[in-house]
Each structure stands twice: as structure tokens, then as C-alpha cells.
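Chains as they are written, first to last, in this note's numbering: chain A, 1 to 547; chain B, 1 to 472. All C-beta atoms in this analysis are idealised placements derived from N, C-alpha and C, irrespective of residue type, glycine included.
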Amino acid sequence: MYYDSVLMIYTFAIIFFPFMACLLIMFTMGRGKFVVATISVLSSVMSLFLSCTAVYIIFKNSNYSLLIDFPWITTQNNSLQAVFVMDKVSSLLMASASLVFTVVHLYAFRILNKMENNVLVKFFALNCLAHSLLMTIFASASLIQIYVFMSLLTVVIFLLRLVEKSSEQSVVSAKIEFITNISADMFLLLGTILLSNSLGTSVINQLYAHLSEGKFVNNTQALVAIFSIFIFLICKLGFFPFNLIFMKNSEDYPACFAEKVALYHTGSALFVLILIKPFCSVLPSVSIVAFIFWALLTALILVYRSIVSKNILHIAGRICFANNCLLAVVIASDLGLSSLFVLSISMLIITLLLIIVGYLMSVMHTIFIWETGNISKYMKLLLIACSISIMFLSGLPPLSGFWRNSAVFASVGDVFSMILTSVIMFFMAFSAMRLYTVIFFGKKESEIQAKNPPALISIMLTVFTLAIIILGNIAFPFLFESMGDYVNMRTSLSISADNFRMAFILSMSGVITGFLIYFKMPEKREDVIFSYLNFKNIFKRLKRSKN
Amino acid sequence: MSSILLTIMILLPLIGALFIYQNDSKNKLDCSLMNCFFMFCVMIISIYLFLMVDIYSIYDSKHFFEHIYISEYISYSVAVNGLNGIFILATCIIFFCLSLISVKSTGKHQAILSLVSLSGILGVFLSQNIVFLMIFLIISFFPVIYISGKDNLTKIQIIASLFILLAVSVFIQITSKPILFGEDANLLPFVSGININSITQIYLFLPVMLSIFILSASTDWMMKTCAKGSIYGGIVAVTSKVVLYIAFMLLIPIFPEGIKFYHIAVYILLISFMIYKCVDSFRTTQLMRQIVNYSSVHSSLILLLISGPMSSDLLKGIVISCLAAPFVLVVVLGVAGIIKDRELPSEPISGLAMILPRLRIVFSFGFLAMLSLPGTLNFPAQFVMLYASVNLKNIFAAAILLLMPIFTAIYLLNTSVKLFYGKLPMSYYGIKDVGNIETAGFTIIIILLVVLGIYPYYVDEFIVNFAKMVIR
Numbered sequence: 001m002y003y004d005s006v007l008m009i010y011t012f013a014i015i016f017f018p019f020m021a022c023l024l025i026m027f028t029m030g031r032g033k034f035v036v037a038t039i040s041v042l043s044s045v046m047s048l049f050l051s052c053t054a055v056y057i058i059f060k061n062s063n064y065s066l067l068i069d070f071p072w073i074t075t076q077n078n079s080l081q082a083v084f085v086m087d088k089v090s091s092l093l094m095a096s097a098s099l100v101f102t103v104v105h106l107y108a109f110r111i112l113n114k115m116e117n118n119v120l121v122k123f124f125a126l127n128c129l130a131h132s133l134l135m136t137i138f139a140s141a142s143l144i145q146i147y148v149f150m151s152l153l154t155v156v157i158f159l160l161r162l163v164e165k166s167s168e169q170s171v172v173s174a175k176i177e178f179i180t181n182i183s184a185d186m187f188l189l190l191g192t193i194l195l196s197n198s199l200g201t202s203v204i205n206q207l208y209a210h211l212s213e214g215k216f217v218n219n220t221q222a223l224v225a226i227f228s229i230f231i232f233l234i235c236k237l238g239f240f241p242f243n244l245i246f247m248k249n250s251e252d253y254p255a256c257f258a259e260k261v262a263l264y265h266t267g268s269a270l271f272v273l274i275l276i277k278p279f280c281s282v283l284p285s286v287s288i289v290a291f292i293f294w295a296l297l298t299a300l301i302l303v304y305r306s307i308v309s310k311n312i313l314h315i316a317g318r319i320c321f322a323n324n325c326l327l328a329v330v331i332a333s334d335l336g337l338s339s340l341f342v343l344s345i346s347m348l349i350i351t352l353l354l355i356i357v358g359y360l361m362s363v364m365h366t367i368f369i370w371e372t373g374n375i376s377k378y379m380k381l382l383l384i385a386c387s388i389s390i391m392f393l394s395g396l397p398p399l400s401g402f403w404r405n406s407a408v409f410a411s412v413g414d415v416f417s418m419i420l421t422s423v424i425m426f427f428m429a430f431s432a433m434r435l436y437t438v439i440f441f442g443k444k445e446s447e448i449q450a451k452n453p454p455a456l457i458s459i460m461l462t463v464f465t466l467a468i469i470i471l472g473n474i475a476f477p478f479l480f481e482s483m484g485d486y487v488n489m490r491t492s493l494s495i496s497a498d499n500f501r502m503a504f505i506l507s508m509s510g511v512i513t514g515f516l517i518y519f520k521m522p523e524k525r526e527d528v529i530f531s532y533l534n535f536k537n538i539f540k541r542l543k544r545s546k547n
Numbered sequence: 001m002s003s004i005l006l007t008i009m010i011l012l013p014l015i016g017a018l019f020i021y022q023n024d025s026k027n028k029l030d031c032s033l034m035n036c037f038f039m040f041c042v043m044i045i046s047i048y049l050f051l052m053v054d055i056y057s058i059y060d061s062k063h064f065f066e067h068i069y070i071s072e073y074i075s076y077s078v079a080v081n082g083l084n085g086i087f088i089l090a091t092c093i094i095f096f097c098l099s100l101i102s103v104k105s106t107g108k109h110q111a112i113l114s115l116v117s118l119s120g121i122l123g124v125f126l127s128q129n130i131v132f133l134m135i136f137l138i139i140s141f142f143p144v145i146y147i148s149g150k151d152n153l154t155k156i157q158i159i160a161s162l163f164i165l166l167a168v169s170v171f172i173q174i175t176s177k178p179i180l181f182g183e184d185a186n187l188l189p190f191v192s193g194i195n196i197n198s199i200t201q202i203y204l205f206l207p208v209m210l211s212i213f214i215l216s217a218s219t220d221w222m223m224k225t226c227a228k229g230s231i232y233g234g235i236v237a238v239t240s241k242v243v244l245y246i247a248f249m250l251l252i253p254i255f256p257e258g259i260k261f262y263h264i265a266v267y268i269l270l271i272s273f274m275i276y277k278c279v280d281s282f283r284t285t286q287l288m289r290q291i292v293n294y295s296s297v298h299s300s301l302i303l304l305l306i307s308g309p310m311s312s313d314l315l316k317g318i319v320i321s322c323l324a325a326p327f328v329l330v331v332v333l334g335v336a337g338i339i340k341d342r343e344l345p346s347e348p349i350s351g352l353a354m355i356l357p358r359l360r361i362v363f364s365f366g367f368l369a370m371l372s373l374p375g376t377l378n379f380p381a382q383f384v385m386l387y388a389s390v391n392l393k394n395i396f397a398a399a400i401l402l403l404m405p406i407f408t409a410i411y412l413l414n415t416s417v418k419l420f421y422g423k424l425p426m427s428y429y430g431i432k433d434v435g436n437i438e439t440a441g442f443t444i445i446i447i448l449l450v451v452l453g454i455y456p457y458y459v460d461e462f463i464v465n466f467a468k469m470v471i472r
């Protein structure tokens, strides 16, 4: 009873602190940039503290589920309820997301002097509002609630895009993304209404209960609902072809807004990945196979595009996106807590990498990978932090990325998907290593203004990196298996020794190949290699040889 | 007191109009303030009625019912019930806020027209007799016809539609042979139980439906007159939605057979019209025209839903939507009118976010409400209509309800982003933002939109009994 009350207070406090911060920022906008920034940091720190405490309480005791009967509107079949839940999953994700927001707000102190007062106020106010909405989505256990807050989040993200317009192109891509997101939300609304209509509920746990009784099987409306929600997931996750829209938008930012890119990648992946679990657990197995294949295809396209790109932010962003696709595969197949744990760590890794990349780009005044090089001797801290991120993304043991890769192998059944997965693993490691090697060990001697990052950044990076290492990067997912399934419907994935072996071989070979090729390699050689591998040139050469 | 309060409420705006007409003061502000004063008085009466009415009755004959017998078929009957009480309150609040929003631009003519319009609209909502309902509708359209100016075609359309409606309503009263049980003889169909035979329904439905459609389409087109001042746009916006009130009050209870007979033809007509309006919105870059097209599509959608299979949930959604639409339109048309007032003839306006930040925030709320965003009153309406359409297996309606916010976002986003975030020409740098009084007017409407959007349960209570009564 005591813990129930405490957790109830914690749930609402975590949601309302950032919201109150948003209102406070708007009312104190005339007080100065430092005040505004401090309010944001304090709100995210408070949220972080409360969510970490909630994690501790919940993992020590049992799940908590708060049901509020909020009479919003009544229809013939049911009355709509607001359902809030605070369990292991939501508390873990709240803590991770709060940490991300804290880091981003601290990092934004670096750009205080570069931004105008009104732009800064909008940036922090909208960030706090986005934080509050994300927390509410994590705590929501009803589809209609999720739709409502996701729609609001779509608007907030769009407004964030417009805060600092870097170019006409960025405004156009922001508009396209907004319309795509609204369309995706409409699919969710349709699916929600169809499910609510046919099964009489929109609460996720109650939906599971109906589904386990097989009520979906002969129910056309319910199947159409699942299809709609499937489309929503594909769009929101940024799977092909939607990745062309979302990646374009995130890549239009200048270097000084890498923290916004970081927020975008983590936030958008996060709140949708949490939805995969409920829906993939009820999708027919054919749909799961289609979903996995689609995710792998998207990952392959992203990895390819990261290899052929020379833009640092593009390469890093695409690898992170490919990582999200692989995690989607794992979460669709595995219902244990391990996958969610890796997801949480993954968010921190993405944030860390993108902030590092953004900082490097601003310090070196370039966005191209080949205009950097050999900075390992100047920035040791960045080297260590970047190494940790690259190790995770490449899938090297003992970090959780290795578990991720193994789990992907365990998820796929057919030969074609295994080949696809192998190609993705190899080239993902290769691309990550390319980025790392050229920047830190490249041939060109970079001219950089700052030899060491400012104290604030250094402290932040150090704490962040240590947190990632300590928080279970050493294949801790194994230890979490015993905490039980998320929804008690399917058993967790069983990863065999063969899966681990394959993952290890592919990651190591990709890393070694990348390092050997790009260590002290000049740019011209890469151009020559790519020109040979370019499909158009291959076709031309074949035509010439025939003639 | 209660026996004449409703009549006082209808006459008070007319008295105000007469007072302003008689006033010789050449100061614009005097007319604006008198306009605000009379609107405020009517609003106070409407709040009193709203608090006193029994929301669980369709009509409350004990306290707020006035009846003067004229003939067997026509009587002056006005009453407040659960449904019209909320519409009356909403209308009075909107008109009061309009008077605040246009306090600096309202002259003698505008004040008189808005008061006459309010009087007519209140009569429409309060009237319990079909013929008097039409008479009040004609009164409310006098300002609209006057505003139409040189647009003769629209004038003819409006006048013709109104008289067709009036003629048909008289015919309905005569052919239905109301059951003579005292004072209730001439009350509205869903109260008095008027039944018309199927053949008569089929003959009468088409002219009624067409005239409602033409009336609605014409008044939507008239919204472009808000170029003359934001108050005009607001008047026309509210009046065009009053037509929809007539549609669901009359068509559903009186013409169920007629609806079934003609529903395919009506669907084809309305869907074609909606497609035309959507295409026009995509082609144009004028904000006002896009808002007008949005209103037309909304009106057509309501008529389409009325012309299809019906349930109490769907009717509830329709009513909430008709309640929300004037709020949204007044906000966006108010902004469009103010922008138009400030536009220089030498070059088009853009980049307004720098000089009109308050107006930008107001427009953002209006824009998001047009997208049926959760948190605004349009969302519960859209949700309930979609839910009911799915329940009734009305695929066309469900598809339109899902596509409408997307298309609205597409065409309106381009225009509004360019208008507010484009490059500001040098000649516009001296323009001032809206004042505190105008902001207060907008704020009241936005607060109502958001509060009722977050908690529509209170509105739901008013409508649910009416909906069940009509679908009997």
C-alpha cells in the first residue's frame, strides 16, 4: 500500500516536472538564457532521480499498475478510460530517456551564447514539453492515450524543427515529416477504433487477454486493425521507404544541433519500439516474419548508404538508425526484459556518439570525414568515449551489441534472412570502423582549434561513458533472463552457441577489415575503390567489354 | 419573468442594433463599445439559462417555454432544452469574443449587422416551431446577404434557398397534420412526433436537401468577405454552421425514408463537391480561400453523415462537430481578417512571426484544431464520428474522416509556414501586434476549445439525451 502511493506520486511527478518546467520557462523568458537553461536541467535531473528511484522500488518489489477511470466520452459499447502503468519496463525507459534529456540539456549550455534569447526559450520549452509527453507515453497502457500523446508529440517535434531553420530545405523536409507522422497517427487511430469496437476495450493488457483467447482469428475487423497498426509501426520506426523522409530531415541540421539529432533518434526509436512488444506479440507469425524481413532490408539500405557517404553526421546517424532496425527485430522476437535493457543502453550509446560527432564537427569546422584525421593524439577522452560507442554498434564483445547481433541471428529462421543478416553485421561493423579510423587515425593532419573539450563536456562525457560501461554492457542481458517475461505469453529467445559464434566472427572481421583498409588511407584510394564498385560503372564496363 | 426572458433574449440584440442606428456619434469606438455591451448582456442571460435548464429534458416546459398560438399550423413557441441551451451559450460567447476581437475595426454598420445576425441565430436555436425557425433563419441571413456585396449569384442562391426552405417548412406543417394535443401541437418533429408518409418524404427531401446544401455552400463562400473586417468573417462562419443545425434537427426525424431513397445521389454530389474543394485548396496559396474550402468540406461531411446510416453515437459526434466548428473558424478567420487589414497593397505579406507573435500563437491553436488534434474540441467529435462510422460500416465516411486532417495539414501547412516564417519585407517592420482586448477575445475562445477538448464529458451529457430521442 505504501509503495503503491509512493509510485503513484512518482509517476505523476515524473510527468509533471518537465511540463511545469516548460510553463515556467515561458513565463520567465525575460530573465535570461542561463535561468532558462538551468530550469530545463533541473527538471530533467528531477525526472531522472525520481525514475531511478522508481526503478529501484519496482525491481525490489512488484509491478505497479494504476487504473484511472477518466470519463472522457461515452459510446454505446464502452467508455474510454485513462490507464497509467508503472512497471519494470516503463520505469527503465523513463530513467533512460530522462538521462538522455539531462545530457542534451547540459550539452546545450555550450551553445547558449550562439543562440538568440527567444530561440533558446522555444528550444528548451519544447524540449521539456517533449520530455513530459514521452514520459506520459511510457506510462500509458491504453491505445487511445498513446495515440493522443503521440499526436501531441508529433506537433512538438515539428515545432522543434522550426525553431532553428538552417535552410529552406530543412523547412521543407520538416513539413514532409510532419505530414508523414500525422498520416501514421491516423493509421493508429483507425486501428485503435477498430480494436476498441470489435473487442470492447483499448487497454493493452485487456487486449492481450482477448488475443490469448483467440478472438482475433475470425475477426476481420480486428485483423484490419492489426494491419493498420503494422503500417503505423513501419512509418514511425522509419523503415523503408519512410527512412528516406526521416533520415533526410535529421541530416539537415548543422553540427551545433547534433544534440537535437541525438534526441530525435533516441526519442523516435524509443516510443515506437515500446509499442512493438504489445503488437508483435499478437501478430500472426507471417506478419512477424514480414516485419523482421522489412527491418533487415531497411538496415541493409542504411548500412550501404552510410558506407557511400562522406558526411560525418550522415554516417553516424545511419549506423544508429540501422542499430534501431536490428533492435526492432530482436524486440519483435524476444519478449524478455533483456531486449528492453539493450534498447535502453542503445539509446545512451546513440546519444553519446552523436554528441561526440557533433562536437568534433563544430571544433574541426567541417562535415566531411576526409577533412578530419589523426586527432587521436589530441583528444584522448573523446577517443575512449567514441571507442565504447563504436564497439557497441559494431557488435563486439563483451558489450551488449554482441548480444544484440546474436539475438538477431536467433530471430531469423530462413537461409535468405541469415545471409542478409550476415551481410548487415559485417558491413555495419565495417562502416562504424571506417568512421572511427578515418577521424582518429586518418592520414590527414587535422587543424583543430581546441585541443581539449571544455571542462563541462569532459565531465559529462566521462560520467556518461562510465555509466554505459557499468550499467551492464558486459553481456548482462543473461542475468536479466530470470526476471521473467514482459507479458507472460511467449518465452524469451534462446540464443545458441552457433549464434554467438557467427556474431563474433562477422563483427570482428568487419572491424578488422575496416581498420586495415582505412588506417592512414588517403581519400583518393576510396574514390577509386568505389568507382569500381559503382553499379553504373560496372554496367558501363561490361557493355564496353561486350562491344 | 421566465415567460418573457427568452423573447427578451431574442429582442435585446435588435434593440441594441436600433440604439446604435439612432446614435449619431461618429466615433468608431463608441459603436464598438455599445456592441460589446449588448453582446455581454445577451451572454449573461445565456449563462443564466444554461445554468438553470434541465439538461436531461428535451424541453423544459415548466420554466423556459413561451407559446403564443397564432393558427392551427403556426405558433410562436420558444424554449430552452439540453441541446439548444449549449448552442445558445456557445453562440453568445463567440459573438461577445468577436466583438472584443474586432473592437478597433467595428463601425456602425458592422455592429448593427452582428447584432441582427445574433438575434436571428438565437431565434433559430430557441424556436420550437418549424415555420418560425425558418423565419428566424431568414432574419439571421439578412446581414449575410447584405455583406455579399456585389456577388449577385451568391445573393440569389441564398435568397432562393431560404424561401424554398420556408415554403417547404410550411408544407411540412400542413401535410403532417400535427396531432392536436394542446400546446405541443406545433413543436419540432422529434418532440411532437410528426410523421409524414414515405411518398411525401421522398418528394420533399430533395428540395430541402438541395436548398440546405446550396445555402451552406454559398455562406461558406461568403467567408471571403472577412476581408472587410474580422467580425464579418465570424458572423458568416457562425451562420453557415447554423444551417447544419437545421439539417440535423429536421432531416433526421422528418425524412428517414427520403434519406434512404436518395442517399447514393447525395453521396455522389457531396463527395464530388469535397474533392473539388480539396483540389482548389491545393492549387491556391491564399489562406482565406483555404479556410473557406475547409469549412465547405466540413459542412459537406456533416451532410454526408446525415444522409447515411445513423446511430446515436454518430449524431452525438455530428452535434459536437457543429458546436466546435464555429469556435475554430472564428479563430482562424479572425486571424486571417486581421492579417488582411494590415496587408499593404504594394507587396504580399509574409514572415509575420517576427512582428505578430501573439497572432502566430493564436493561429497555431486554430490550425491544430482544424487538424482535429487531441486537446481541442474537434478531436472528440472526429473520434466519436469515426467510431460510429466504423460501427455502422460506413467506409466512405470513415475514409473521409481519416483523410480530412491529412489533406488539411498538407495544403494549410505550406501557406501558413510561408505566411508566418517566410522572409519579412522591410515595409512591414512597423506593424503592431494585436492589443490586449483582441487577445482577450481570442484567449476566451481558445480556452473553451482546449478545456472542452480535454474534458468533453460535460458537453456529452447535454447531447446524449437528444441523440437518443431523435434516433427512436
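Identify which residue in the options has its Cα closest to the Cα of residue i.
i                : options                                   : result
Leu7 (chain A)   : A:Gly32, A:Phe84 and A:Ile144             : A:Phe84
Glu257 (chain B) : B:Leu301, B:Leu204 and B:Leu304           : B:Leu204
Val417 (chain B) : B:Gln286, B:Met385, B:Val328 and B:Leu301 : B:Gln286
Ser51 (chain A)  : A:Val155, A:Thr75 and A:Thr11             : A:Thr11
Gly442 (chain A) : A:Ala37, A:Phe519, A:Leu112 and A:Ile315  : A:Phe519
Leu189 (chain A) : A:Phe17, A:Ile517 and A:Ile231            : A:Ile231
Asp151 (chain B) : B:Ile47, B:Ser218 and B:Thr239            : B:Ser218
Phe261 (chain B) : B:Thr284, B:Ile199, B:Val243 and B:Val238 : B:Ile199
Ile74 (chain B)  : B:Leu377, B:Met134 and B:Ile444           : B:Met134
Ile231 (chain B) : B:Tyr294, B:Met385, B:Lys108 and B:Leu315 : B:Lys108
For residue i and chain A, any beta-carbon pair shorter than 9 Å?
i                : result
Pro456 (chain B) : yes
Val417 (chain B) : yes
Leu373 (chain B) : yes
Val362 (chain B) : no
Asn414 (chain B) : yes
Would you list the residues sitting across from residue i in a DSSP beta bridge?
i                : result
Phe65 (chain B)  : B:Ala79
Phe368 (chain A) : A:Asn311
Val127 (chain B) : In the sequence as presented, Val is not what sits at residue 127 (chain B); that position holds Ser. In DSSP, Ser127 (chain B) forms a bridge with B:Val78.
Val103 (chain A) : BP columns for Val103 (chain A) are empty, so no partner.
Say whether chain B places a C-beta atom closer than 9 Å to the C-beta of residue i.
i                : result
Thr197 (chain A) : Inspection of the sequence shows that residue 197 (chain A) is occupied by Asn rather than by Thr. At least one chain B Cβ lies under 9 Å of Asn197 (chain A).
Leu162 (chain A) : yes
Ser458 (chain A) : no
Lys175 (chain A) : yes
Phe178 (chain A) : yes
Ile73 (chain A)  : yes
Val308 (chain A) : no
Leu190 (chain A) : yes
Phe149 (chain A) : yes
Gln206 (chain A) : no
Met186 (chain A) : yes
Ile157 (chain A) : no
Just confirm the distance between the C-beta atoms of residue i and residue j, as a whole number of angstroms; I'd bet it's less than 8 Å.
i                : j                : result
Ile395 (chain B) : Leu301 (chain B) : Wrong, their Cβ atoms sit about 14 Å apart, outside the cutoff.
Quiz item: Is the segment 191-199 of chain A touching the segment 224-241 of chain A, taking contact as three or more C-beta pairs under 8 Å?
Solution: Two segments are said to touch when three or more pairs of C-beta atoms, one from each, lie closer than 8 Å; by this definition the segment 191-199 of chain A touches the segment 224-241 of chain A.
Quiz item: Looking at chain E, which residues of the segment 322-346 of chain B have a Cβ within less than 8 Å of any of its Cβ atoms?
Solution: In summary, chain E is missing from the structure at hand, where the protein chains are A and B.
Quiz item: Is there contact between the segment 87-94 of chain B and the segment 431-439 of chain B, where contact requires at least three CB pairs shorter than 8 Å?
Solution: Touching, no.
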